[in-house]
Amino acid sequence: MMNETMKMIKTSRVKRKRRFIMMTFLMAIISLVLCGLMLMLGNTIYPVQDVIKVLLGEQVKGATFAVNTIRFPRMVAGLFAGFAFGAGGYIFQTMLRNPLANPNVIGITTGSSAAAVFCIIVLNASNAVVSIAAVMGGLATAIFIYLLAKGTSFSIGRLILIGIGIQAMLTAFINYLMLIGDTHDIPAAMRWLSGSLNGAKLANLYPLILIVCICTPILMYFAKRLEMLELGEQAATSLGVNTNQTRVILIITSVLMIALATAATGPIAFISFLAGPIAKKLVGVGFSGLIPAGLIGVILVLAADLIGQFAFETRYPVGVITGIIGAPYLIYLLIRINRKGDL
Amino acid sequence: MKSTHTFQTENLVAGYDNKAILQGVSLAIPSNKISIIIGSNGCGKSTLLKTMARLIKPISGQVLLDDKSINKIPPKQLARVLGLLPQSPVVPEGITVADLVGRGRFPHQSFLKGWSTEDYEAVAEAMEMMNITELADSHIDELSGGQRQRVWIAMALAQQTDILFLDEPTTYLDITYQVEILDLLTDLNRKHGTTIVMVLHDINLSARYADYIFALHKGLLVSEGTPANVITSELIKDIFNLNCVVTQDPVSDSPSVVPIGRHHSKSGMLV
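Same order as they appear, the protein sequences are chains G and U.
Using this note's numbering, the letters of the first sequence correspond one by one to residues 1 to 343.
Using this note's numbering, the letters of the second sequence correspond one by one to residues 344 to 614.
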């Protein structure tokens with residue numbers, strides 16, 4: 001009897017695990033293919049063998065310049081920012097048990113943007129200062145929203161509403177800055193509004209790459225504790241999770257990733273919002289969706305950038321495309337939640 | 344059989360936001376027995392349970408497991424000895440019954456390792472004990488209240504602790520399921536010797552199922568002992584402000600409280 005039960009539980013768990021691994025693997029392959037396309041496609045299309053030669057350090061007439069200075073940095077920016085947005089968004093959504101509670105909707109990315117635009121337009125600051133300001137802006141917004149939501153007793157619904165309010169205020173502030181700003185600062189500031197991979201330079205991407213490489217293993221380690229946190233404060237504590245410590249570490253690492261990604265590419269709309277739910281749908285429940293969410297983030301960013309570059313007469317920045325995909329989902333979610341009656 | 348532990352509180356003062364609800368409670372939980380904490384709303388019974396399960400940090404006083412303060416025991420290690428089923432745990436979206444029960448294995452698992460044979464064994468045993476094996480692949484949202492509560496208890500069982508706390512495990516359940524849950528917990532205590540401590544609202548069920556009763560009133564422990572010694576009409580008058588007759592439960596011979604209201608009382612009854 002006991003053995004039968006064990007076998008049954010094991011069979012179904014192994015089956016689900018196989019699906020999880022298969023889907024994650026598939027996502028990795030698609031990400032890789034998109035990375036390849038990012039290098040091959042452009043004004044001139046280079047065949048795979050040319051791209052590989054360039055990556056191996058050989059000189060290929062024309063291709064070397066285009067791939068090394070334009071396409072490769074663009075691809076790396078999309079890859080790491082996509083992963084950071086996807087994984088960071090997933091952590092927020094899971095920790096706060098609500099898909100609306102992601103850095104994009106509750107204004108953390110807008111906090112980064114506002115700080116960056118302020119530095120560009122008012123302080124005429126250098127790129128490095130702008131990036132640091134973006135990170136500080138994101139962290140400060142996260143802390144501010146958390147403190148306001150804490151009140152006498154912490155409520156996730158209140159946190160989301162406060163976040164949406166803060167986001168609106170920060171957007172108004174950015175708009176005001178754009179109006180008073182010098183005309184020649186506006187293009188630089190624009191990037192902070194919709195997010196774009198244009199003009200990505202490797203030198204500016206190192207902080208993001210470093211943080212993603214450091215934070216991802218930390219988040220993987222805490223992924224199991226995050227699962228326990230999903231059961232509520234009390235159940236998690238009695239299962240031996242130090243809930244406050246876990247929450248603080250999860251928030252700091254994911255805000256760092258999101259803020260640095262925003263500093264590198266601007267707030268690419270809705271990635272941190274869409275990646276988690278899509279990944280969960282694909283890999284199923286029971287296993288941590290952290291890596292799948294990161295991969296979906298990569299796929300969304302790279303695919304949207306390719307669409308933005310080549311699908312239309314005019315070239316659109318990636319944020320415009322993801323905005324078009326993400327907005328209807330936000331509305332759908334709001335309608336569904338409204339029907340269920342709880343935020 | 345589960346091992347024997349000493350579990351005590353010393354002059355426990357605790358509450359929320361520094362407002363003390365417990366006003367200094369010292370007690371010792373009898374090992375390998377079923378203890379039930381009773382008292383009126385707001386008397387601090389839930390606060391006591393939560394403080395003993397380290398969900399609330401005491402303002403003063405301490406909780407001792409085997410003479411060691413529970414705040415000094417590493418959380419995961421403590422979670423292998425002491426488990427708590429909260430009153431309203433949260434169901435993660437889309438999770439299956441077997442996976443939820445499996446989360447009880449967290450204190451026994453290490454980083455990156457999948458489920459071990461012991462994990463599968465513990466989950467299977469807990470599910471069989473709670474009669475939910477046929478629900479293994481169902482989603483929690485498809486279950487009835489009684490089934491759901493059995494799943495949560497199974498999760499706590501999979502944790503395989505020697506001591507199990509339950510915060511009102513029968514609230515919101517029909518009487519049928521209340522009895523079922525209490526029977527299953529008694530099975531657990533008799534079969535494995537698990538020390539069970541719970542908060543219950545129903546005094547008569549408490550009197551029937553408890554080996555030992557703690558009665559709380561206004562944050563203080565006012566009486567403790569076997570149900571037969573504790574449940575008296577005086578105590579019920581004191582802590583619930585209710586006139587009653589205490590008779591014998593015809594089924595179990597445990598004390599049974601019959602309340603006296605302003606209506607429907609035979610002449611001569613006290614009002």
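Ideal Cβ positions, reconstructed from N, Cα and C, are used throughout, including at glycine.
- The alpha helix (DSSP H) runs of length 4 or more contained entirely in the region 476–537 of chain U are, from start to end of the chain, 488–501 and 518–535.
- Listed in chain order, the positions of the region 317–336 of chain G with a beta carbon within less than 8 angstroms of a beta carbon of chain U would be empty, since no residue qualifies.
- Sequence-ordered contacts of the region 287–304 of chain G with chain U are nonexistent [C-beta pairs closer than 7 angstroms].
- In this model, I582 (chain U) and A371 (chain U) are separated by some 21 angstroms (Cα to Cα).
- By the rule that beta-carbons nearer than 8 angstroms mark a contact, P401 (chain U) does not touch chain G.
- Burial state of A327 (chain G) is exposed, judged by a 10 Å Cβ sphere holding fewer than 16 other Cβ atoms.
- For A363 (chain U), no alpha helix (DSSP H) run applies; the uninterrupted beta strand (DSSP E) run containing it begins and ends at K362 to I372, by DSSP.
- Neighbours of M228 (chain G) in chain U, taken as residues whose beta carbon is under 7 angstroms from its own, are R446 and F449 in chain order.
- Annotation for S566 (chain U): A558, V573 and L578 place their beta carbon closer than 7 angstroms to its own, counting only its chain and skipping 5 residues before and after.
- Contact annotation: in the region 234–253 of chain G, residues whose CB is within less than 8 angstroms of a CB in chain U are Q234, A235, T237, S238, L239, G240, V241 and N242.
- Using a CB distance cut-off of 8 angstroms, K419 (chain U) counts as an interface residue toward chain G.
- Counting C-beta pairs with one atom in each stretch, the region 500–508 of chain U and the region 456–476 of chain U have three or more that are closer than 8 angstroms, which means they touch.
- No Cβ-Cβ contact shorter than 8 angstroms links V14 (chain G) with F273 (chain G).
- Taken through DSSP and simplified to helix, strand or coil, S113 (chain G) comes out as helix.
- Here I29 (chain G) is exposed: its Cβ has fewer than 16 other Cβ atoms, across all protein chains shown, within 10 Å.
- Nearest to F72 (chain G) by alpha-carbon distance, out of G:I143, G:G138 and G:A203, is G:A203.
- At least one C-beta of chain G is nearer than 8 angstroms to the C-beta of D442 (chain U).
- When only Cα atoms are considered, P401 (chain U) and K281 (chain G) end up about 43 angstroms apart.
- CA-CA distance, K7 (chain G) to G89 (chain G), rounds to 36 angstroms.
- Taking the CA atoms as reference points, F85 (chain G) sits about 6 angstroms from I271 (chain G).
- Contact check for I556 (chain U) against L507 (chain U) fails: the beta carbons are separated by 8 angstroms or more.
- As the crow flies, the alpha-carbon of S112 (chain G) is around 22 angstroms from that of M75 (chain G).
- Taking I120 (chain G) as the centre and dropping the five residues before and after it, the same chain places the C-beta of V130, D185, A188 and A189 closer than 7 angstroms to its C-beta, in chain order.
- When the five nearest sequence neighbours on each side are left out, the beta carbons in the same chain lying within less than 8 angstroms of the beta carbon of T322 (chain G) are those of G195, I268, A269, F270, I271, L274, L300, V301 and A304, in order along the chain.
- Following the DSSP letters along the chain, one finds Y206 (chain G) inside the alpha helix (DSSP H) bounded by residues L202 to L229.
- Where A261 (chain G) is concerned, the enclosing alpha helix (DSSP H) starts and stops at T243 to T265.
- Contact annotation for R74 (chain G) against chain U: no contact, minimum CB-CB distance about 34 angstroms [criterion: below 7 angstroms].
- In this chain, N474 (chain U) is not harboured by any alpha helix (DSSP H), its DSSP state being neither H nor E.
- If you check the CB distance, L260 (chain G) and V135 (chain G) come in under 8 angstroms.
- Annotation: S608 (chain U) to V600 (chain U) spans about 15 angstroms, alpha carbon to alpha carbon.
- At the C-beta level, G82 (chain G) and G297 (chain G) come within 8 angstroms of one another.
- With 16 or more other Cβ atoms inside 10 Å of its own Cβ, S389 (chain U) counts as buried.
- With a minimum length of 4 residues, the unbroken runs of alpha helix (DSSP H) contained wholly in the region 72–121 of chain G fall at 72–95 and 108–121.
- A Cβ-Cβ distance of about 17 angstroms is found for the pair Q490 (chain U) and L509 (chain U), leaving them out of contact under the 8 angstroms criterion.
- Ranked by Cα distance from Y146 (chain G), the options G:F92, G:A168, G:T183 and G:M178 are led by G:F92.
- Of the candidates G:L123, G:F222 and G:A142, the residue whose Cα lies closest to the Cα of G181 (chain G) is G:L123.
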